[in-house]
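Residue numbers (our numbering): 19 to 124.
Below: the structure, in structure tokens.
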């Protein structure tokens, strides 16, 4: 009896369509700011609720570049239709692509 390859092909197609999105923001004080740490919680919530993705620990609150105030959170396996956009709060930008583990660079 031969096993069907349909589940394998279906799973492979799903994995190939998966993409990542990064939520970029800056701490308002110009450095790490414990009072603005809620931005991390907000980013994680938006990843789960807005684009249906997940955030792993090593992808949370990653420093973006040389300035410690510039941060990102990587949302893994975003919905295939998710596009780049800005949230109307003056500090979140969402950019989709393929991101390395713990990196803000696509």
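Every residue gets a Cβ at the ideal spot worked out from N, C-alpha and C, and that includes glycine.
Quantities reported herein were computed from a predicted structural model and do not represent experimental measurements.
_C-beta contact flag for residue 43 and residue 72 at 7 Å_ = Taking 7 Å as the cut-off, the beta carbon of residue 43 is found no closer than this to the beta carbon of residue 72.
*If you follow the beta strand (DSSP E) that residue 62 is part of, which residue opens it and which one closes it?*
In the DSSP annotation of this structure, residue 62 is not part of any beta strand (DSSP E); the continuous alpha helix (DSSP H) holding it starts and ends at 56 to 68.
*asked:* Below 8 Å on the Cβ atoms is my contact criterion, and I expect residue 97 with residue 69 to pass it. Report the Cβ-Cβ distance as a whole number of Å.
replied: About 6 Å; that satisfies the 8 Å criterion.
*What are the residues that DSSP puts in a beta bridge with residue 92?*
Residue 92 pairs with 40.
*asked:* Starting from residue 112, trace the beta strand (DSSP E) in both directions and tell me its first and last residue.
replied: 111 to 115 is the span of the beta strand (DSSP E), which, as asked, contains residue 112.
*Going straight from the alpha carbon of residue 99 to that of residue 54, what length do you get?*
Computed Cα separation, rounded: 30 Å.
*Whether residue 103 touches residue 40 by CB criterion (7 Å)*: The Cβ atoms of residue 103 and residue 40 lie no closer than 7 Å to each other.
*With DSSP as the reference, please indicate the residues paired to residue 123 in a beta bridge.*
Answer is none; residue 123 lacks a bridge partner.
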